[in-house]
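Trainee: The structure under discussion is supplied below as structure tokens; questions concerning it will follow.
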Amino acid sequence: MLGKKLQTSVPQMMRLIRAEVIANLHNEINFEQVRLLKLISEGHHQKVMSEMMQVTPAAISKTIESMVTKGLVKRKTGEDRRCQILALTASGKKFLNKVMQSVELKLNASILNLSSTEQKQLDQGLSVLDKLTAMMKEVKMLVLFLPLLLLVEANAAVITLKDAFSAARLNMETLKLADATIEQREAQKTRARGTLLPTIAGVGTYTRIDAPDALAGGASPFLLTRQYSYALRVIQPLLRGGTLAAMDLTKENILLAQFQKNSSELTLYQLVVNSYYNLIASRLDQANLLELKRLSAERVRELRGRSSIGRSRRGELVEAEAQLLTSDSQVQQGVINLGQSEQNFQFYTNLKPEELAPLMDPPYVDGSLQNYLNRVRTRPDILASQQQIRVAEKQVEVAKGAHYPSLDFTGNYYFKRTGILSTSDWDAGLAMTIPLFQGGTVQASVREAVEGKRIAELNTSESTRAAERDLAVIYQNYLQITQQLVTLKSAKEKAEEAYQYSRKDYGNGLVTNLQVLQSLNLYMNTKRTYDTLSALSLMSYHNLQAATGVLP
Numbered sequence: 001m002l003g004k005k006l007q008t009s010v011p012q013m014m015r016l017i018r019a020e021v022i023a024n025l026h027n028e029i030n031f032e033q034v035r036l037l038k039l040i041s042e043g044h045h046q047k048v049m050s051e052m053m054q055v056t057p058a059a060i061s062k063t064i065e066s067m068v069t070k071g072l073v074k075r076k077t078g079e080d081r082r083c084q085i086l087a088l089t090a091s092g093k094k095f096l097n098k099v100m101q102s103v104e105l106k107l108n109a110s111i112l113n114l115s116s117t118e119q120k121q122l123d124q125g126l127s128v129l130d131k132l133t134a135m136m137k138e139v140k141m142l143v144l145f146l147p148l149l150l151l152v153e154a155n156a157a158v159i160t161l162k163d164a165f166s167a168a169r170l171n172m173e174t175l176k177l178a179d180a181t182i183e184q185r186e187a188q189k190t191r192a193r194g195t196l197l198p199t200i201a202g203v204g205t206y207t208r209i210d211a212p213d214a215l216a217g218g219a220s221p222f223l224l225t226r227q228y229s230y231a232l233r234v235i236q237p238l239l240r241g242g243t244l245a246a247m248d249l250t251k252e253n254i255l256l257a258q259f260q261k262n263s264s265e266l267t268l269y270q271l272v273v274n275s276y277y278n279l280i281a282s283r284l285d286q287a288n289l290l291e292l293k294r295l296s297a298e299r300v301r302e303l304r305g306r307s308s309i310g311r312s313r314r315g316e317l318v319e320a321e322a323q324l325l326t327s328d329s330q331v332q333q334g335v336i337n338l339g340q341s342e343q344n345f346q347f348y349t350n351l352k353p354e355e356l357a358p359l360m361d362p363p364y365v366d367g368s369l370q371n372y373l374n375r376v377r378t379r380p381d382i383l384a385s386q387q388q389i390r391v392a393e394k395q396v397e398v399a400k401g402a403h404y405p406s407l408d409f410t411g412n413y414y415f416k417r418t419g420i421l422s423t424s425d426w427d428a429g430l431a432m433t434i435p436l437f438q439g440g441t442v443q444a445s446v447r448e449a450v451e452g453k454r455i456a457e458l459n460t461s462e463s464t465r466a467a468e469r470d471l472a473v474i475y476q477n478y479l480q481i482t483q484q485l486v487t488l489k490s491a492k493e494k495a496e497e498a499y500q501y502s503r504k505d506y507g508n509g510l511v512t513n514l515q516v517l518q519s520l521n522l523y524m525n526t527k528r529t530y531d532t533l534s535a536l537s538l539m540s541y542h543n544l545q546a547a548t549g550v551l552p
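The numbering of the sequence shown is the working numbering, which starts it at 1 and goes up by one.
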């Protein structure tokens, strides 16, 4: 019962707020702008306000600019001169207080019209909501911030870059292969350790010979024509050339496999970063193309009306129709590009690319280029390359071990034995093998291992230099992109302003339709470039972090 009353009362309260806004500034300030004033008064950052109001940063900037023009909001420079702080002017504070006080009076009047039972139920319901939303200091302001509660629920389905990477780690076979390689190297270590442990085996012999003619009639243990034995044999290696080096080699190979897995994970992250922000860029571009098509269609409709009454030439209408067809073709190409981006994103993450997190302003780089370069050597792929050198060193030791002698202890315990040793239950001995000449194969193996180490050292040197070069390029590109975004933002705003002036001037007969279309294309092309570069700037930033081995 209480839930039903609250649901019916909320729209009434919202209408009171909207009505009060209209009454105070005669439609010059809308409801969303009042919400924005409230958030600015609480000291929220522009990016946070964009998320809370569920609109793009560009829309927030445009709204703030209009309120700055009206004298309700002012900008202040923070400690970092590149960062601006928003605050209400005296007029803005006066207006907001007037609206809030008036709304509160009207809400109180509405509540007084309820019966005592209804008021009690309403108070109980609001008390519960107040406990669940401790960030709200006044229960009656809950109505104003109700959309924020809906936003929390909506954001649950938003896919962030971290979510996409987590999904890719579970989806892609690359990391599963890396895990399998580590397990394989662990098995090789167990096998190498086994060569140092004793071998126990059951053995048996059976020999049948013809008796010598001269002594055929005599019985002697030396003349048994059938001799056999079965025993338990133990062989313990005591000295094997290169065995310990082989054990160390398996340990180094396990460490190498772990570095390679980390390197594969970093590479996968870079692929996810690119696919994630390429998808966002494709969506923004498609939205801009649809906007271009809509504005072009509006232009056609306007000129058709003007042409029908003789206020515009037929050629102007044809120009606008050509513009509309061109924009429609661009939209179709945008659909293709968007589909490719979605397929690429889904390939890595196995996620349906539904709602992605909104774009934020590109962060400032933390540290100089040299600070980033100093971190390159701790990157997983560079560590893996350095580990290849240590593996190659162990392979040289293993190859040299073939020059060394081998010594084994052998012991037999006989369960049955014939011949002259039938009364002996066991025997033991040492067997040594000294390699003297093996056709030069051992020396060739050593030379091969030495060259393998040299190759690993050269690969490490080249990989490190390439990583430092790539990092320097990404670092410089990111700085240039952030600077370019500032210029493009101003260019976009000017282009939009020029387009609006062109439309007005056309109505006054000051410019031609072709000039209007040119200003429209300039505005939309600039906006497309700005939005795409905004996505690419964040892609570049995360690639810069990944270039030093940083994962989310």
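Just so it is clear, CB atoms sit at the ideal spot from N, CA and C, and this is done for glycine as well. None of the values given here were measured: they were computed from a predicted structure.
(1) When the Cα atoms are used, what is the spatial distance from Arg226 to Lys416?
(2) Leaving aside the five residues before and after Leu522 along the sequence, list all residues of the same chain whose C-beta is less than 8 angstroms from its C-beta, in chain order.
(3) Is it a yes or a no for the stretch 346-358 touching the stretch 444-456, going by three-plus beta-carbon pairs under 8 angstroms?
(4) Can you tell me where the beta strand (DSSP E) holding Lys416 begins and where it ends?
(5) How many angstroms separate the CA atom of Lys76 from the CA atom of Leu96?
(6) Against chain C, does His403 count as a neighbour if the rule is that its beta carbon must be under 8 angstroms from one of theirs?
(7) Can you say whether Gly507 is buried or exposed, counting buried as having 16 or more other CB atoms within 10 angstroms of its CB?
(8) For the alpha helix (DSSP H) containing Gln480, name the first residue and the last one.
(9) Would you list, in sequence order, the uninterrupted beta strand (DSSP E) runs of no fewer than 3 residues that lie entirely inside the stretch 209-279?
(10) Around the C-beta of Ala428, are 16 or more other C-beta atoms found within 10 angstroms, so that it is buried, or is it exposed?
(11) Roughly how many angstroms lie between the CA atoms of Arg193 and Lys251, to the nearest whole one?
(12) For Ile235, which residues of its own chain have a beta-carbon under 6 angstroms away from its beta-carbon, when the five flanking residues on both sides are left out?
(13) Once you ignore the five residues that flank Asn288 on each side, which residues in its own chain have a CB closer than 7 angstroms to its CB?
(14) Unbroken beta strand (DSSP E) runs of length 3 or more, entirely within the stretch 32-56: which are they?
(15) From Lys504 to Tyr269, what distance separates their C-alpha atoms?
(16) Rounding to the nearest angstrom, what Cα-Cα distance links Leu551 and Ile85 in this structure?
(17) What did DSSP end up calling Lys76 once you bin it into helix, strand or coil?
(18) Would you kindly work out how many angstroms separate the C-alpha atoms of Tyr475 and Lys47, rounded to a whole number?
(19) Within the continuous alpha helix (DSSP H) that includes Ala428, where are the two ends?
(20) With DSSP run on the structure shown, which of helix, strand or coil describes Val203?
(21) Taking the alpha-carbon positions, what's the Glu457 to Asn337 distance?
(22) For Ala547, which of helix, strand or coil comes out of DSSP?
(23) Return the bridge partner residues of Ile558 from the DSSP annotation.
Mentor: Let me lay it out:
(1) One C-alpha to the other measures close to 13 angstroms.
(2) Only Ala495, Ala498, Tyr499 meet the Cβ criterion.
(3) In this structure the stretch 346-358 does not lie against the stretch 444-456, because fewer than three pairs of beta carbons, one per stretch, are closer than 8 angstroms.
(4) That run of the beta strand (DSSP E) goes 406-417.
(5) Distance between Lys76 and Leu96, taken at the CA atoms: about 20 angstroms.
(6) No chain C is present in this structure, which holds just one protein chain.
(7) Gly507 counts as exposed, since fewer than 16 other C-beta atoms from the protein chains shown sit within 10 angstroms of its C-beta.
(8) Residues 441-507.
(9) The stretch 209-279 contains these whole beta strand (DSSP E) runs: 226-239.
(10) By the 10 Å Cβ count, Ala428 comes out exposed.
(11) Using only the alpha carbons, I get a separation of about 11 angstroms.
(12) Within the same chain, Ile235 has close Cβ partners Thr199, Asp408, Thr410.
(13) A distance below 7 angstroms between beta-carbons, with the five flanking residues on each side excluded, links Asn288 to the following residues of its chain, in chain order: Met524, Lys527, Arg528, Asp531.
(14) Listed in chain order, there is nothing to give.
(15) The alpha-carbon separation between Lys504 and Tyr269 amounts to approximately 49 angstroms.
(16) Leu551 and Ile85: Cα-Cα distance of roughly 31 angstroms.
(17) Secondary structure at Lys76: strand, using DSSP grouped into helix, strand and coil.
(18) So the two alpha carbons sit approximately 24 angstroms from each other.
(19) Bounds of any alpha helix (DSSP H) do not take in Ala428; it lies within the beta strand (DSSP E) bounded by 426-433.
(20) In the structure shown, Val203 falls within a strand segment according to DSSP collapsed to helix, strand and coil.
(21) Distance between Glu457 and Asn337, taken at the CA atoms: about 43 angstroms.
(22) DSSP places Ala547 in coil when its eight states are reduced to three.
(23) Only positions 1 to 552 of the chain appear in the structure, and residue 558 is not among them; the question remains open.
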